[in-house]
Amino acid sequence: MAEKHKLSRRQFIRILATAIAAYPLSTLAEKRHLNSNKPTSVNNIKEPWLTLSVVQEHLFPADKDSPGASDIQALAYLRAMMDTPDFDNEDAVLIHNGIGWLNDLSKQLHAKTFIQLDSKTKEKVLRRIESSRAGSRWLSMLLTYLLEALLTDPVYGGNTNGIGWTWLQHQPGFPTPSEDKKYFKLRKTTYRVTKA
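Just so we're aligned, residue 1103 is where the sequence shown starts under this note's numbering, counting upward by one.
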């Protein structure tokens, strides 16, 4: 009976992404306001990564009880994943194109780049981007990578010191992978089936 209620990882991430997307905007705005004076770690980031970092922080803001995108190293995680040999080139193109769409729309509507907008205006621009099929796919992809950064083993560049696990009160499996045991570094083993 319990088997019927098990969720796959993919289903869990979809449910969590939906919950984040449905989170009351006023609550997110309050969290952003509480953290507006918080120093960010974007000092040495250049475009297009700076805009992407600001989008991530807008989508997953910190508050006094939970980590935000910068706390879980979401940008570092995404960049590390984009550098893996198996990262889908179409996804990389979509991520970069989305940044361009976002800044073009921000300039068109407000004569400013996305990072120059206030929080409420950023939300409006993101909601406008979300209304297109490609924009919705772009935001969904960014949310997926945010959730991965929250839940990943720190060896992959996100979830620094297990901050996401601590926040979610999750006990990770053991052993956790070492640098040389990252999934994309493992040799693929081919098994030959022999007839008996």
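We put the CB at the ideal spot given by N, CA and C, even for glycine.
Quick caveat, the model's predicted, so the values are computed rather than measured.
Check                                                                                                      : Outcome
Presumed contact (8 Å Cβ cut-off) between alanine 1178 and glycine 1259, rounded CB distance               : 5 Å
Distance CB(isoleucine 1231)-CB(glycine 1200) smaller than 9 Å                                             : yes
Nearest residue (CA-CA) to threonine 1153, options Leu1196, Asn1205, Val1195, Asp1165                      : Asn1205
Stretch pair the stretch 1240 to 1255 + the stretch 1165 to 1179: three plus CB contacts closer than 8 Å   : yes
Arginine 1181 versus valine 1156: straight-line alpha-carbon distance, rounded                             : 15 Å
Cβ separation of threonine 1278 and valine 1257, assumed to be a contact under 8 Å, to the nearest whole Å : 7 Å
Exposure label - asparagine 1146; buried when at least 16 CB within 10 Å                                   : exposed
Proximal residues to proline 1169 (C-beta, below 8 Å), its chain only, five neighbours per side dropped    : Leu1252, Ile1265, Gly1266, Trp1269
Beta carbon of glutamine 1158 nearer than 9 Å to that of leucine 1219                                      : no
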